[in-house]
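Notes for the one structure printed next.
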Amino acid sequence: MNSEQRTAVECIVAGTSGAAPFLLHGPPGTGKTVTIVEAILQLVKKNPSNRILVCAHSNTAVDNVACLLLKYTKTSFLRLNSASRKSPPKCLEEVGISGKLGAEVLISYRILLCTLNLVSNYNLSFITHTIIDEAAQASEPSCLIPKSQNLILSGDFKQLGPVIISDDAKQYGLGVSLMERLKNTCPLYAKNNKKYIVMLKKNYRSDADIIKLPNLLFYDGELEARAETDLISRTNILYKDKPCRAIVFHGVLSTEKKVGDPPSFCNRDELIYIKKYVTKLLNTHGVKEEDIGIIATYSSQVVLIKEWVQKHHLNIDVETVDAFQGQEKRVILISTVRGQGKQRTNVKLGFITDEKRFNVALTRAKAKVVVIGNPLSLSTDPLWNKYITTCRKYGTYYGLTETSSDEDELAAVIKKISLK
Numbered sequence: 001m002n003s004e005q006r007t008a009v010e011c012i013v014a015g016t017s018g019a020a021p022f023l024l025h026g027p028p029g030t031g032k033t034v035t036i037v038e039a040i041l042q043l044v045k046k047n048p049s050n051r052i053l054v055c056a057h058s059n060t061a062v063d064n065v066a067c068l069l070l071k072y073t074k075t076s077f078l079r080l081n082s083a084s085r086k087s088p089p090k091c092l093e094e095v096g097i098s099g100k101l102g103a104e105v106l107i108s109y110r111i112l113l114c115t116l117n118l119v120s121n122y123n124l125s126f127i128t129h130t131i132i133d134e135a136a137q138a139s140e141p142s143c144l145i146p147k148s149q150n151l152i153l154s155g156d157f158k159q160l161g162p163v164i165i166s167d168d169a170k171q172y173g174l175g176v177s178l179m180e181r182l183k184n185t186c187p188l189y190a191k192n193n194k195k196y197i198v199m200l201k202k203n204y205r206s207d208a209d210i211i212k213l214p215n216l217l218f219y220d221g222e223l224e225a226r227a228e229t230d231l232i233s234r235t236n237i238l239y240k241d242k243p244c245r246a247i248v249f250h251g252v253l254s255t256e257k258k259v260g261d262p263p264s265f266c267n268r269d270e271l272i273y274i275k276k277y278v279t280k281l282l283n284t285h286g287v288k289e290e291d292i293g294i295i296a297t298y299s300s301q302v303v304l305i306k307e308w309v310q311k312h313h314l315n316i317d318v319e320t321v322d323a324f325q326g327q328e329k330r331v332i333l334i335s336t337v338r339g340q341g342k343q344r345t346n347v348k349l350g351f352i353t354d355e356k357r358f359n360v361a362l363t364r365a366k367a368k369v370v371v372i373g374n375p376l377s378l379s380t381d382p383l384w385n386k387y388i389t390t391c392r393k394y395g396t397y398y399g400l401t402e403t404s405s406d407e408d409e410l411a412a413v414i415k416k417i418s419l420k
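Residue numbers (full-length UniProt numbering): 1 to 420.
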């Protein structure tokens, strides 16, 4: 463990925050889950009477912690599942259980894990420590369901927060997680007050190029790139005779189309380039289908890309930004979708300009990020303009230029694509 991880574990075990929640701020790829598991193991070791409850807003997040616990401890623990859950991971079958259990049974386990929504189904008054993982994605009321003497909130409030449907609820602050509210409004959580908050700073996931922009924009330049070098990071998948960097922008004179009810956006022009890059990647030495992830900013574009992926029986994950949070891939292709042709003024980009969504999209990749979009439209947004400008600086901007019409290149691309 690195110094920040050790500090976090020591503070959690010592209970330095007292009655106040302890915040573990874990930016992408910094080993947050490993830190949580180590803290759990140390709490179990410290005091036989300690009983730890691990929660998260989603089954996936809870399962991630449970799978890591299986790897590192022989201490008995129980993964509580809802009776309606159809297919828990096979690796957790032996420690998983559904249905009602009394406190006399539950107290015999040192560690319990479940979703936040399931907590109220059980009498857990004996719990001494509650750890909520991905706490920045959980609503504040849901974080208040579990009750214990010690509360640890682990997550990244610089990424996407709770999913709130009601506009009125958002207006009154329900879209802000408990973790984010405490960080932004409570003096106890001022920077470097390690009794109450520790930020993990060493990124073990991504190439330095990939985290550089999010680091400067959202993390005050404090992240350190510690990932092992991946050959594909410096491989130019378009032009083998030219050096490359880990981030790429490909400009397309694309036009969005509104479809469906409720309305969403898709962009067939960008699909053509997604096909191009997938084909190129699969012809690159060492890149497998499962190494590639495709992010589209709108669900209709996800459907469009998935149809092509499934038609060719490709094992490639295609999801929205929100659905990809918490995941990682060696290579990420991003279809930004929004584009209004040659229009440069009064451009409407919708929620793709959201800082947290931008941060999540760029930080899913280990080795390479390829963004496909209309630069005339995207450049009107400060965040996307910084990404495009950075790619120009690195010499990794391709496609549409100020003088090109894009039609000739588009025709050439369609002709070269082998997966029609």
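Think of the CB as a built atom: it goes at the ideal place given N, C-alpha and C, for glycine as much as any other residue.
The structure presented is a predicted model; accordingly, all values stated were derived computationally and were not measured.
Since I believe Cys143 is in contact with Ile132 (beta carbons under 8 angstroms), could you give me their beta-carbon distance rounded to a whole number of angstroms?
-> 6 angstroms
Would you kindly work out how many angstroms separate the C-alpha atoms of Ala361 and Ile36, rounded to a whole number?
-> 24 angstroms
Name the one or two DSSP bridge partners that Asn2 has.
-> Per DSSP, none; premise fails for Asn2.
List the whole-angstrom C-beta distance separating Leu80 from Leu118, where the pair is believed to meet the contact cut-off of C-beta under 8 angstroms.
-> 6 angstroms
Run the CB neighbour count on Asp291, radius 10 Å, all protein chains shown included, and call it buried at 16 or more, exposed below.
-> buried
Looking at C-beta atoms only, is the number of pairs between the stretch 255–269 and the stretch 383–391 that lie closer than 8 angstroms three or more?
-> no
Residue burial classification, Ile97 (beta-carbon count within 10 angstroms, cutoff 16) | exposed
Contact under 7 angstroms by Cβ, Thr320 with Val302 = yes
Would you mind giving the Cβ-Cβ distance between Leu106 and Leu124, rounded to the nearest angstrom? I have them listed as a contact below 8 angstroms.
-> 7 angstroms
Run of the beta strand (DSSP E) containing Phe249, from where it starts to where it stops = 247–251
Inspect the CB distances between the stretch 372–384 and the stretch 299–318 and report whether three or more fall short of 8 angstroms.
-> no
Among Asp381, Ile127, Gly339, which has the Cα closest to the Cα of Glu355?
-> Asp381
Check the C-beta distance from Thr75 over to Arg51 and give it rounded, since I have them as a contact under 8 angstroms.
-> With a Cβ gap of about 12 angstroms, Thr75 and Arg51 do not count as contacting.
How about Val337 and Tyr298: do their beta carbons lie closer than 7 angstroms?
-> yes
Assign Thr60 to one of three DSSP states: helix, strand, or coil.
-> helix
Smallest Cα separation from Val146: which of Ala138, Leu53, Val95?
-> The amino acid occupying residue 146 in the given sequence is Pro; Val does not appear at that position. Out of Ala138, Leu53, Val95, Leu53 has the C-alpha closest to the C-alpha of Pro146.
Tell me which same chain residues have a C-beta within less than 8 angstroms of the C-beta of Val9, skipping the five on either side of it?
-> Met1, Thr35, Glu38, Ala39, Gln42
Hey, quick one: how far does the alpha helix (DSSP H) through Tyr273 stretch, first residue to last?
-> 268–282
Cβ shell of Thr401 (< 8 angstroms), same chain only, five flanking positions each side left out = Gly251
Which residues in the same chain have their Cβ closer than 7 angstroms to the Cβ of Asp63, if we skip the five residues on either side of it in sequence?
-> Pro89, Leu92
Close Cβ partners of residue 431 (< 8 angstroms) along its chain, the five nearest in sequence each way excluded = The first residue shown for the chain is 1 and the last is 420, placing residue 431 beyond what the model contains.
Hey, out of Leu213, Gln343, Lys195, Ala208, whose CA is closest to Glu224's CA?
-> Ala208
State the DSSP-derived secondary structure class of Leu349, mapped to helix, strand or coil.
-> coil
Does the beta-carbon of Lys240 have 16 or more other beta-carbons within 10 angstroms, so that it is buried, or is it exposed?
-> exposed
Rounded to whole angstroms, how far is the Cβ of Arg268 from the Cβ of Gly29, which I believe are closer than 8 angstroms?
-> Incorrect: roughly 33 angstroms between the Cβ atoms, too far for contact.
Please list, in chain order, all residues of the same chain as Leu410 whose beta carbon is under 6 angstroms from its beta carbon, the five residues on each side excluded.
-> Because Leu410 sits at a pLDDT of 48, beneath the cut-off of 50, its placement in the model cannot be relied upon, and the following sentence gives the value as read from the coordinates. Closer than 6 angstroms at Cβ, skipping near neighbours: no residue.
Assumed close pair His57, Met199 - CB separation to whole angstroms, cut-off 8 angstroms | Not quite, the Cβ-Cβ distance comes to about 21 angstroms (not below 8 angstroms), so this is no contact.
Local Cβ density within 10 Å of Leu216, reported as buried at 16 or more and exposed below that = exposed
Excluding sequence positions up to five away, which residues of its chain have a Cβ less than 8 angstroms from the Cβ of Thr7?
-> Lys194, Val198
Grab me the residues of Gln340's own chain with a C-beta within less than 6 angstroms of its C-beta, minus the 5 sequence neighbours each way, in chain order.
-> Val347, Ser377
Could you check how far apart the C-beta atoms of Ile211 and Thr33 are, in whole angstroms? I think they sit under 8 angstroms.
-> Not a contact, Cβ separation roughly 18 angstroms.
Terminal residues of the continuous alpha helix (DSSP H) containing Ile97?
-> Here Ile97 belongs to no alpha helix (DSSP H); instead the beta strand (DSSP E) covers 96–98.
Nearest to Ser108 by CA position, among Phe126, Lys170, Leu160, Arg344, is which residue?
-> Phe126
Alpha carbon of Phe358 to alpha carbon of Leu383, nearest angstrom = 8 angstroms
What residues are listed by DSSP as bridge partners for Cys55?
-> Cys114, Ile132
Since Val369 and Ala246 are thought to touch, with beta carbons under 8 angstroms apart, how far apart are those beta carbons, to the nearest angstrom?
-> 7 angstroms
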